[in-house]
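**Student:** Dropping a structure here in structure tokens format, bear with me for questions.
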Amino acid sequence: MTAKNKELEVHVVASGSKGNCTIIRSSHSAVIIDVGISCRRITNALQELEIPKHIVEGIVITHEHSDHIAGVPQMIKQMGLPIITRPNTARRLMDKFSLPTECFQTLGAKEVAIGDMVLQPFSTSHDAVDPIGITCYKGQTKAGLLTDTGMVSKEMLEHLHDTDLLVLEANYDEQMLIYGPYSPELKRRVKGNAGHLSNVTAMKVLSALRRPKDMEVVFAHRSEQNNSLHLVEQLSDRLLDWCKAQGQEEFTAHHGDPKEYTSIGISYDI
Ligand SMILES: [Zn+2]
Ligand SMILES: [Zn+2]
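Quick note on numbering: the sequence shown equals residues 15 to 284 in the numbering used here.
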């Protein structure tokens, strides 16, 4: 059987506590999700990934933590793109960077058309003013992004069923966090319902999702202090073995990196 032609590409440009940036593109449009790295790195990524600047429709901000917004002022200045986010997050950004309201396009609960793609935001559980995850559709292809959430509710799972291309947080290993260098208060914050997703929880989410054929996953936002690539790989290999044994749909695992690009969904000709 031939693989389904994917109509979206997802490029995780940078991932981790030092800065996050992901680009979702179709043949005619692209959207940048979070700009927690410098504008120069993002424009370099667009060039290296051969994404024409004129097809980029806007910048979606999931929440106001600095590892997701550091590049906002420079990106507005250089590319003049609208910042697409929840009203309360927009207000925080206006105050922080002294930006006018004209720079923003607000997101409600409903889906919005961005170029030839449809974006559907959904609420997550994180210590920010109104944090969101994203799903994005084009034709038969669905992409999703869920990072920076302390827990995954039924509603969040509903949004992520049948996602072909998924960016999913696998932030920390529980043992490494417990015995690691963080203060007790910070450990509680990371582990809490408004913190981050552990490796084990990420695997549980993935096993609970209805998975389409040829699903690709990028495990993202990996902590440098409280996690290792090896541990995430070990768990995802174990989950894959379980999927095989159960006769369930498998997935291809990729891993986000602070500096290297991780691209999925690149099976079609643009
Ligand atoms: Zn973050
Ligand atoms: Zn955050």
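The beta-carbon is built from N, C-alpha and C at its ideal position, and this holds for glycine as well.
Among the residues of its own chain, which have a CB less than 6 Å from the CB of L249, if the five just before and after it don't count?
**Tutor:** Once the five neighbours on either side are set aside, the close Cβ partners of L249 are N213 and M217.
**Student:** Please state whether DSSP places K32 in a helix, a strand or coil.
**Tutor:** coil
**Student:** Going by the C-beta, is A142 closer than 8 Å to any heavy atom of ligand 2?
**Tutor:** yes
**Student:** Between L113, I75 and K110, which has its C-alpha nearest R100's C-alpha?
**Tutor:** I75
**Student:** Taking a contact to mean a Cβ-Cβ separation below 9 Å, would you say L182 touches F136 in this structure?
**Tutor:** Not in contact: L182 and F136 (Cβ atoms no closer than 9 Å).
**Student:** Expressed to the nearest angstrom, what Euclidean distance is found between the alpha-carbon atoms of V246 and A184?
**Tutor:** Distance between the alpha carbons of V246 and A184 is about 7 Å.
**Student:** Just the Cα atoms here: how many angstroms apart are D162 and G261?
**Tutor:** 31 Å
**Student:** Please determine if the region 124 to 141 and the region 154 to 169 are in contact, where contact requires at least 3 C-beta pairs separated by less than 8 Å.
**Tutor:** yes
**Student:** With burial defined as no fewer than 16 other Cβ atoms inside 10 Å of the residue's Cβ, what is the status of H25: buried or exposed?
**Tutor:** buried
**Student:** Kindly examine ligand 1 and report whether one of its heavy atoms sits closer than 8 Å to the Cβ of T161.
**Tutor:** yes
**Student:** Helix, strand or coil for L179 per DSSP?
**Tutor:** Correct three-state label for L179: strand.
**Student:** Where do the ends of the beta strand (DSSP E) carrying E71 lie?
**Tutor:** V70 to V74
**Student:** Does P145 pass the burial test, meaning 16 or more other C-beta atoms within 10 Å, or should it be called exposed?
**Tutor:** Taking a 10 Å sphere around the C-beta of P145, we find 16 or more other C-beta atoms and assign the residue as buried.
**Student:** Taking DSSP as the reference, what is the three-state secondary structure of S277?
**Tutor:** strand
**Student:** Are the CB atoms of I90 and I83 within a distance shorter than 9 Å?
**Tutor:** Against a cut-off of 9 Å, the Cβ pair of I90 and I83 comes out as no contact.
**Student:** Under 9 Å between the Cβ atoms of H235 and H268?
**Tutor:** Cβ distance not < 9 Å, so H235 and H268 don't count as in contact.
**Student:** Can you tell me which of the three DSSP states R39 falls into?
**Tutor:** strand
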